[in-house]
Every structure is written in C-alpha cells, then in structure tokens.
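Position in the sequence shown (first residue = 1) + 32 = the working numbering. All C-beta atoms in this analysis are idealised placements derived from N, C-alpha and C, irrespective of residue type, glycine included. This report concerns only the one structure given below.
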Amino acid sequence: MRKTRPFIERPSICVPLVAADFAEARAQVVRLAAKEPDFIEVRLDYLAGLTTETTGELFSALKDLCPVPLLATFRRQEEGGASPLAEPERVAILKAALASGAVQLVDVELRTSEAARQELLEAARRQGVGSVVSYHDFARTPGLPELRDLMAELAATGADILKLAVFPRLPLDSLNLLTVTYEAQANWPDRQLITMAMGGLGGFTRLAGPFYGSVLSFAVGEKSSAPGQPDIDTVRKLWQNWAVSTE
33 MRKTRPFIER PSICVPLVAA DFAEARAQVV RLAAKEPDFI EVRLDYLAGL
83 TTETTGELFS ALKDLCPVPL LATFRRQEEG GASPLAEPER VAILKAALAS
133 GAVQLVDVEL RTSEAARQEL LEAARRQGVG SVVSYHDFAR TPGLPELRDL
183 MAELAATGAD ILKLAVFPRL PLDSLNLLTV TYEAQANWPD RQLITMAMGG
233 LGGFTRLAGP FYGSVLSFAV GEKSSAPGQP DIDTVRKLWQ NWAVSTE
C-alpha cells in the first residue's frame, strides 16, 4: 500500500471558476474566494486565447489574488468541456499550470492517451501536486460491473484521487454509483475518491457522498460547470445538519 498524505483532508467543497477571459477570471476568483470554499476549480477549457505562457501568468495572478487552493482542469469536449483544442495543446496547458507552482490539484482525464496521461501524473508528482484522474459519462450510468471496472481502471493509473461522474437515467443508477464508491474505499484504501451522479436525478449523491467515501463535492459559487450542482450554501447547511465533519 502506498504511503501518501491525503491531498483532501476532510469532506470538502469545490466551486468552479468559469470565465471567458483572463480579466473575468481574476475578478471571479476574488468573489469565489470570499465564499470560503475548500478548493476552486479553474476550468481552463472555458478561457479563450490560452497558451502555455499565458496559462502560467494566469495561475500566478490567481495565486496572488486568492488564498484558496486551486484545481487545474482542462475538460475535453467529449466529457463536457468547452474547448475544441486537441490533446497535445490541452496537455501542454496543464503542464504549464503545474509548472506555475500555483496549483494544488490537477485533473487528468482517464481517456487521455496513456503516454500523455503518465507524463502529467509524473509532472504532478514531481511538483508535489495531487493528481485527480477522472472519467465522465454525460449520457448514461454504466451497470454495476462496468462501474467496478471503471473504478479499477482509474486506480490502475496510480493517481492520488479517483473521480467518477455519471449521468443517471433511473433511480437505481445513482444507488449503483454510491455502492461502487463505498466498495472502492475498501478496495483502494490508499486513494481518495470523488464521485457523483449528475443532473437532478443524481443531485443527492453530491450531498450524501461523504457517507459513502467521496471526499469532495462540486458546488456553485457563481456559475455551474455541470448539471445538478447545488449552490455552496446548500451544501454547507445540509452537511452541518447531517453532522458531516468538515473540520
């Protein structure tokens, strides 16, 4: 079993930063930080005109403006992203984010080519940045056997944190996701988990996740980045009422 520090030390809330340009990103990060989330996810795929140079400059500026830890994400269109950039450009931008020294977590998609994925995971390890390997299905929720296989595939990458997001079509789909989350705690106790069922039918999984082993919930601070995200105040209030320990 690996001996690594947890990059997410308690059930946490992450709000997305969704901005079209750098000026909006800088202004938005200040407003989001005022809501005191545990993390801010910088959705790089929404930003126009990104280059490796401007990515480093952006993260340096955000770090100066914001005390909240940052998660760097560049989501491809096939998994809900907003940018048509090809994999080499996406990978180069994520590497620039890592090199900035301003990132605490980085999202690396499972369906990134194996060589590029391992390159990013190794770069994160060298920088002391937590790696989140992710898989998103915006069309459906696979059955239990396939969900278990996906979780095993995520774990096999060696990433610190395993993220699985699906779209339920039936109530049972959300329950299956929570089942796989609960099982994964025992199967991979040295990893952390982030799971959710998206949309209205799966919304409760974003709130109940900590009871099943999911350590982070994405909530709206200003703009949503995925269907079914509750607002940050709702998550906080319910977690307080349910005695979810966030200390």
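Figure out for me which residue from the options has the closest Cα to the Cα of residue i.
i      : options                        : result
Leu130 : Arg180, Gly245, Leu103, Pro174 : Leu103
Tyr244 : Val267, Asn273, Tyr214         : Tyr214
Arg310 : Leu137, Glu68, Asp205          : The displayed coordinates of the chain run from 33 to 279. Any statement about residue 310 would go beyond what the structure contains.
Ala55  : Ala80, Phe39, Gly235, Glu73    : Ala80
Gly234 : Thr211, Leu225, Pro259         : Pro259
Leu137 : Ile226, Glu119, Ser145         : Ile226
Ile40  : Asp265, Pro242, Val61, Pro177  : Pro242
Leu179 : Leu196, Pro203, Pro101, Leu126 : Leu196
Leu6   : Cys98, Met183, Ala229          : Residue 6 lies beyond the stretch modelled for the chain, which goes from 33 to 279, so this question has no answer here.
Asp53  : Cys46, Ala65, Thr83, Arg42     : Thr83
Glu239 : Glu111, Thr266, Pro38          : According to the sequence shown, residue 239 is Leu rather than Glu. If we check each option's Cα against that of Leu239, Thr266 comes out closest.
Val123 : Gly112, Thr105, Val135, Asp263 : Thr105
Val135 : Ser166, Pro200, Leu90          : Leu90
Glu121 : Glu85, Pro99, Val100           : Glu85
Val100 : Pro38, Leu186, Leu64, Tyr167   : Leu64
Ile187 : Gln261, Val47, Tyr167, Val247  : Rather than Ile, the amino acid found at residue 187 in this sequence is Ala. That would be Tyr167, whose Cα lies nearest to the Cα of Ala187.
Leu248 : Glu185, Pro200, Leu126, Ser277 : Ser277
Asn208 : Phe236, Gly232, Leu182, Thr173 : Thr173
Please state whether DSSP places residue i in a helix, a strand or coil.
i      : result
Glu68  : coil
Val61  : helix
Pro120 : helix
Glu73  : strand
Glu111 : helix
Pro43  : coil
Asp53  : coil
Phe243 : helix
Ser277 : coil
Glu89  : helix
Arg267 : Note on residue identity: the sequence assigns Val, not Arg, to residue 267. Helix, per DSSP.
Lys35  : Because Lys35 carries a pLDDT of 41, less than 50, the predicted location of this residue cannot be relied on, and the following value inherits that uncertainty. Note: Lys35 maps to coil in three-state DSSP.
Thr144 : coil
Ala251 : coil
Gln136 : coil
Thr6   : Since the first residue shown for the chain is 33 and the last is 279, residue 6 is missing from the structure and cannot be characterised.
Ala128 : helix
Check whether the Cβ atoms of residue i and residue j sit closer than 8 Å, and answer yes or no.
i      : j      : result
Leu152 : Val140 : yes
Gly162 : Asp192 : yes
Leu194 : Ala171 : no
Phe71  : Ser44  : yes
Ser92  : Ser145 : no
Val62  : Leu49  : no
Val74  : Leu94  : yes
Arg149 : Thr189 : yes
Asp77  : Arg107 : yes
Leu176 : Val198 : no
Ala118 : Thr87  : no
Leu126 : Glu185 : no
Pro200 : Gly231 : yes
Taking CB distances under 8 Å as the criterion, tell me whether residue i reaches chain D.
i      : result
Gln109 : Checking the listed chains, one finds no chain D in this structure; it contains a single protein chain.
Looking at residue i and the ligand ZN, is the gap between the Cβ and the nearest heavy atom below 7 Å?
i      : result
Trp274 : Ligands are entirely absent from the displayed structure, and the ligand ZN is therefore not among its contents.
Alpha helix (DSSP H) segments (min. 4 residues) lying fully within the stretch 154-221: 176-188, 203-219
Taking contact to mean at least 3 C-beta pairs separated by less than 8 Å, is the stretch 217-227 in contact with the stretch 251-270? no
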